[in-house]
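Protein sequence lines, in the order shown, are assigned to chains A and B.
Numbering-wise (our numbering), the first sequence opens with residue 1 and increments by one.
Numbering-wise (our numbering), the second sequence opens with residue 88 and increments by one.
To start, the structure under review is shown below, and the notes come after it.
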Amino acid sequence: MTCEELLKALNEYVDGAELSELCDEFSQHLADCDPCQVVIDNIRQTISLYRHGQPYEMPKAFQDRLQDSLKSRWRETFGQPPTTSQP
Amino acid sequence: MPHVEEPTDVDLLHRAKAGDFESFERLVSQLQPRVYGLAFRILHQSQDAEDVTQQTFLALVEHLPGFREESSLATWVLRIATNFCLKILRKRRGSKTIALSELGPEDSYSNLPHPQFISAWTRTAEEIAQQSELRSEIEHAMQELDEKYRLVFLLRDVEGLSVRETAEAMELTESTVKVRLLRARLALRERLTSKFGDPEQALVPDHRHT
């Protein structure tokens, strides 16, 4: 397996493809190719950074507006006033 | 005190379907940040992101009784949101530009960009994510990414949809999703490694492999 071939198959490897022929070839390549190993590690960190980054804050005023419009749509759809929290 | 088990998301969903608004609100509050975040990252505009969030949850109320639970509620909601985002993108682009679903030469594996700057990062992703002053740089790297790559990356890697679910949401084939995802990952890796990689540890690719 060359670095070029590895690049094409990289998704499957990063996504944790099960033990397969591909995976064996991949591991063999990585064992003596530091640059490819680092690229894969960089990509895993990249994904992790976006997946676990801070969420976007929704403006409070919008949240209140959304809640009101959901309530009235709920009434129209379910034909009953929304039940509220138990006391 | 007897131990009261917290209802699972599936419990909440079933109660909501039976007309319990409180359970519905709990589900909405869990999903809201994801929907708003996805829309904001796709559209880069808070008013449009709010509109998409509102439309998505209103549609959820209407379609809730008919939701057949073939996917998780989150996946279903994210697909609805993606649909509304795509509508806005189409409107913005007008008829002059090509659609996101149209394929170009870059939708194949030929001429993949080879990684340029290869170096271990000086800090872990967790450490970087905790530093709010770096946030704009990270988001900027995402914004620089072409729309067709950004959407696939957001749905697959950030929101955790499967390749098939991403393909369905985007109305693309699975193989196109895979190529775009690879290009997105390579492009983001390059940009972020140029910021967070250690220049002293930079490696030169070794192409002598057979």
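Just so you know, even glycine gets a beta-carbon here, dropped at the ideal spot from N, CA and C.
Is L232(B) helix, strand or coil by DSSP? coil
Within the same chain, show all residues whose beta-carbon is closer than 8 Å to that of T309(B), passing over the 5 residues directly before and after it, in chain order. What is shown of chain B runs 88 to 297, which leaves residue 309(B) out entirely.
Against S206(B), what residues of chain A qualify as contacts under a CB-to-CB distance less than 7 Å, listed in chain order? V38
Contact with chain B by K8(A), beta-carbon distance below 8 Å: yes
Counting only beta-carbon atoms, is Y13(A) nearer than 8 Å to chain B? no
Assuming S281(B) is part of the alpha helix (DSSP H), what are its boundary residues? 261–283
Consult DSSP for L290(B) and reduce its assignment to one of helix, strand or coil. strand
Taking its Cβ as the centre, do 16 or more other Cβ atoms sit within 10 Å of K178(B), making it buried, or is it exposed? Exposed, since its Cβ has fewer than 16 Cβ neighbours within 10 Å.
Cβ-Cβ distance between V298(B) and V264(B) below 8 Å: Coverage of chain B is limited to positions 88 through 297, which leaves residue 298(B) absent and any answer about it impossible.
Contact set between the region 56–77 of chain A and chain B, restricted to residues whose Cβ is under 7 Å from the partner: Y56, M58, F62, L66, S69, L70, R73, W74, T77
Use the C-beta contact count for K60(A): other C-beta atoms within 10 angstroms, 16 or more gives buried, fewer gives exposed. exposed
Of the residues T209(B), V148(B), L99(B), N198(B), which one's Cα is nearest the Cα of F283(B)? T209(B)
Any chance you could list the alpha helix (DSSP H) runs of at least 4 consecutive residues sitting entirely within the region 90–150 of chain B, in chain order? If one requires a minimum length of 4 residues, the alpha helix (DSSP H) runs lying completely within the region 90–150 of chain B are 96–104, 108–130, 133–150, in chain order.
Between R272(B) and chain A, is any beta-carbon pair separated by less than 8 Å? yes
Taking 8 Å as the CB-CB cut-off, is G191(B) touching chain A? no
Of the residues E246(B), L221(B), V239(B), F144(B), which one's Cα is nearest the Cα of S188(B)? Checked all of E246(B), L221(B), V239(B), F144(B); the closest Cα to S188(B) is V239(B).
Since F204(B) contacts E277(B) with CB under 8 Å, what's their CB separation in whole angstroms? 7 Å
Local Cβ density within 10 Å of S110(B), reported as buried at 16 or more and exposed below that: By the Cβ neighbour-count rule, S110(B) is buried, with 16 or more other Cβ atoms within 10 Å of its own.
So is D244(B) buried or exposed if we call it buried at 16+ other beta carbons inside 10 Å? buried
Is K235(B) buried or exposed, if buried means 16 or more other CB atoms sit within 10 Å of its CB? Burial call: buried.
Thinking just about the alpha-carbon of each residue, which of E76(A), L6(A), Q80(A) is nearest to the one in L30(A)? The candidate whose alpha carbon is nearest that of L30(A) is L6(A).
Leaving out the 5 sequence neighbours to the left and right, which residues in its chain are closer than 8 Å to Q28(A) when beta-carbon positions are compared? M1
Step through the CB atoms of chain A and report whether any lies within less than 8 Å of the CB of K265(B). yes
Count the CB pairs spanning the region 117–133 of chain B and the region 70–84 of chain A that are closer than 8 Å, and state whether there are at least three. The region 117–133 of chain B is not in contact with the region 70–84 of chain A.
If the cut is a Cβ gap below 9 Å, which residues of chain A does Q141(B) touch? F62, R65, L66, S69, L70
Can you grab the Cα-Cα spacing for the pair S69(A) / Q63(A), in whole Å? Rounded to whole angstroms, S69(A) to Q63(A) spans 10 Å at the Cα level.
Can you check which of these residues, D194(B), A212(B), P120(B), is closest to S48(A) by C-alpha distance? A212(B)
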